[in-house]
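For the record, in the sequence shown the residue sitting at position 139 is 518 according to this note's numbering, with numbers rising by one throughout.
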Amino acid sequence: MDSASCLRIKEAMKAKVGGMDDEVDTLVSRFSDYTNHTADSWQQARAGPAGVILCGIPGSGKTALAATFAQSSDYPFRIIRCPELFASDQGQSEAQLLSSFAYPRESSSENACTKWVLVLEDIDVLSGSSKPDSLEARMHALLLECIDATSAFVVATTSRIVDIPFAMKRSGRLDTIIKLHLSDVASRVAALKIILCEFHIASNATAIDRIAHKTHGFSPADLQSLCLKAFIESKTELSADKLLDIADTMRPSNLRTYQSKIPVVHLEDIFGMDQAIQKARALVVEPLCNAEKYKRMRVEPPHGALIHGPPGCGKSMLCYAVSNELGINTIAVDAAQLRSMVVGETEKAIADLFCQARESAPCILLLDNVQMDGFNAHANKYSYSLGVFVLAVTSRPDSVDVALLRPGRLDVHIKLQLPNPEQRMEMLKGYMHKLPLGRALRDDVEFLANLAGLTEGLSGK
380 MDSASCLRIK EAMKAKVGGM DDEVDTLVSR FSDYTNHTAD SWQQARAGPA GVILCGIPGS
440 GKTALAATFA QSSDYPFRII RCPELFASDQ GQSEAQLLSS FAYPRESSSE NACTKWVLVL
500 EDIDVLSGSS KPDSLEARMH ALLLECIDAT SAFVVATTSR IVDIPFAMKR SGRLDTIIKL
560 HLSDVASRVA ALKIILCEFH IASNATAIDR IAHKTHGFSP ADLQSLCLKA FIESKTELSA
620 DKLLDIADTM RPSNLRTYQS KIPVVHLEDI FGMDQAIQKA RALVVEPLCN AEKYKRMRVE
680 PPHGALIHGP PGCGKSMLCY AVSNELGINT IAVDAAQLRS MVVGETEKAI ADLFCQARES
740 APCILLLDNV QMDGFNAHAN KYSYSLGVFV LAVTSRPDSV DVALLRPGRL DVHIKLQLPN
800 PEQRMEMLKG YMHKLPLGRA LRDDVEFLAN LAGLTEGLSG K
């Protein structure tokens with residue numbers, strides 16, 4: 380396949396799947412190597428490129444990319460859903476797997492030089508089993524034999540790449556892994572243009588850019604769901620404002636495992652914590668809002684902050700306010716939820732948590748009770764993640780592993796204390812303003828001073 384054909388396939392694919400330029404280039408480049416590989420025998424044919432694995436979270440566009448590639452390749456192709464290969468009758472599952480690797484055109488017979496494309500969706504269901512005599516183990520062994528014997532270019536998809544055994548990923552088989560990441564702003568702009576065009580919705584570049592900046596962490600499936608929901612709810616012509624309103628009510632599907640909807644609290648709603656708020660603005664909000672400025676100055680911004688203080692002093696509220704101030708994805712989780720008595724499960728849960736946060740970047744990861752036994756040791760290796768800012772909360776800072784507190788991890792420390800009389804007056808004044816009967820008293824300095832004196836040792840909560 381010459382360079383002109385490669386360019387034509389890339390352009391055809393990018394016109395149908397937006398925001399995946401790098402993945403398309405890699406896939407077509409690998410396919411070009413496959414088509415340009417010549418062979419006169421079965422052994423020489425199997426020495427050439429075998430196939431690729433497309434991996435990513437559900438909704439990241441694996442199936443769409445694989446199907447679009449197969450349709451744009453100008454070669455015979457077959458698309459197989461691996462879960463549908465399993466049957467109840469003995470031997471039928473193996474027979475269906477064997478027939479999947481048969482050349483898709485009846486008028487031609489497959490030989491060592493035949494070129495065609497085979498798409499295997501959800502190949503992880505054929506990853507085998509620990510029981511050697513099970514159907515899954517037999518299907519896995521047969522799959523490896525079929526991959527070794529076929530002359531097809533195999534494109535496999537999976538959302539669980541860790542379940543794919545090394546035997547399937549070794550050289551000569553599915554040895555190229557293409558990971559589909561959740562899109563950045565530019566990729567979401569490209570995807571939205573295609574999706575809106577499918578709905579026959581006219582929109583300008585400014586509107587699309589606004590929507591793309593509002594949908595951090597949204598997968599292509601999330602963007603399509605957003606447009607569909609807005610299209611259904613719109614009684615008149617669909618506008619960018621309608622899409623933005625719907626986006627405010629939606630959360631990326633990648634974040635639904637954990638709490639991602641946090642209380643609506645703003646920094647202006649917090650009273651008597653001016654010093655802590657000022658520090659949070661300078662060390663957390665400013666670096667995240669102006670990341671490009673730090674990059675130009677070659678200054679490494681903080682990657683995490685530890686907010687500590689006695690119970691009830693407003694640690695979680697400050698975190699919620701910082702998150703709402705930034706307006707980016709937030710995952711809130713209690714460290715106790717991640718701890719498990721099963722060996723290896725705690726580390727797996729922490730790894731999955733940070734993986735989801737990275738996929739949804741830019742993202743704030745709000746960790747409560749980081750002093751939990753068994754949490755610190757596993758969290759150290761994952762505490763730095765690109766595009767993820769960790770806000771850790773604890774009432775026992777002395778119990779937090781010092782490795783988590785070193786520069787580059789939780790290097791910003793914000794200490795909250797029980798309010799003094801002046802701070803209690805500010806809190807009481809703010810709370811009185813929210814009460815219908817308290818508005819007449821909020822400007823009574825003497826009353827507030829007396830009330831603040833009677834609340835010695837009480838927290839703001």
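The C-beta atom is built at its ideal place from N, Cα and C for all residues, glycine as well. Quick caveat: nothing in here was measured; it's all calculated off a predicted structure.
Asked: Would the region 617-635 count as touching the region 585-598 if we require 3 or more Cβ pairs under 8 Å?; Found: yes
Asked: Closest to S632 by CA distance: which of A659, M380 and L602 is it?; Found: L602
Asked: Using only the alpha-carbon positions, how far apart do L623 and M518 sit?; Found: 47 Å
Asked: DSSP has E683 in a bridge; who is on the other side?; Found: Inspection of the sequence shows that residue 683 is occupied by Gly rather than by Glu. Note: G683 sits in a beta bridge opposite V769.
Asked: Would you identify the three-state DSSP class for G753, choosing helix, strand or coil?; Found: Bear in mind that a pLDDT of 49 at G753, under 50, signals an unreliable position, so the number given afterwards is only what the model happens to contain. Note: G753 maps to coil in three-state DSSP.
Asked: Which runs of the alpha helix (DSSP H) spanning at least 4 residues fall entirely within the region 517-594, listed in chain order?; Found: 545-548, 564-577 and 584-593
Asked: Compute the distance between the beta-carbons of M380 and L444, then report whether it is under 9 Å.; Found: no
Asked: Buried or exposed: where does Q471 fall if 16 or more other Cβ atoms within 10 Å of its Cβ makes it buried?; Found: exposed
Asked: Terminal residues of the continuous beta strand (DSSP E) containing K794?; Found: V791 to K794
Asked: On the three-state DSSP scale, how would you describe S762?; Found: Annotation note: pLDDT 49 at S762 (below 50); position unreliable, coordinate value reported separately. In this structure, S762 counts as coil in the three-state DSSP scheme.
Asked: Compare the beta carbon distance of L330 and D790 with 9 Å and say whether it is the shorter of the two.; Found: The first residue shown for the chain is 380 and the last is 840, placing residue 330 beyond what the model contains.
Asked: Based on DSSP bridge pairs, tell me the residues matched to F456.; Found: V496
Asked: So what does DSSP say about L745, is it helix, strand or coil?; Found: strand
Asked: Does the Cβ of F545 have 16 or more other Cβ atoms within 10 Å, making it buried, or fewer, making it exposed?; Found: exposed
Asked: Under the three-state reduction of DSSP, which class applies to I641: helix, strand or coil?; Found: coil
Asked: Once the 5 residues before and after C742 are set aside, which same chain residues still bring their CB inside 6 Å of it?; Found: N708, A736 and V767
Asked: Going by other Cβ atoms of all chains shown within 10 Å of its Cβ, with 16 needed for buried, is C576 buried or exposed?; Found: exposed
Asked: Determine the burial state of M399: buried for a count of at least 16 other Cβ atoms within 10 Å of its Cβ, exposed for fewer.; Found: buried
Asked: In chain order, what residues of the same chain lie with their CB nearer than 6 Å to the CB of K844, ignoring the 5 residues before and after it?; Found: Here the chain has residues from 380 to 840 only, and residue 844 is not among them.
Asked: Apart from the five residues just before and just after G596, which ones in its own chain have a Cβ nearer than 8 Å to its Cβ?; Found: L561, P631, N633, L634, N708, E738, S739, A740 and C742
Asked: In the DSSP output, which residue or residues are listed as bridge partners for C434?; Found: T537 and K558
Asked: Helix, strand or coil for V781, going by three-state DSSP, please let me know.; Found: helix
Asked: Going straight from the alpha carbon of N669 to that of R660, what length do you get?; Found: 12 Å
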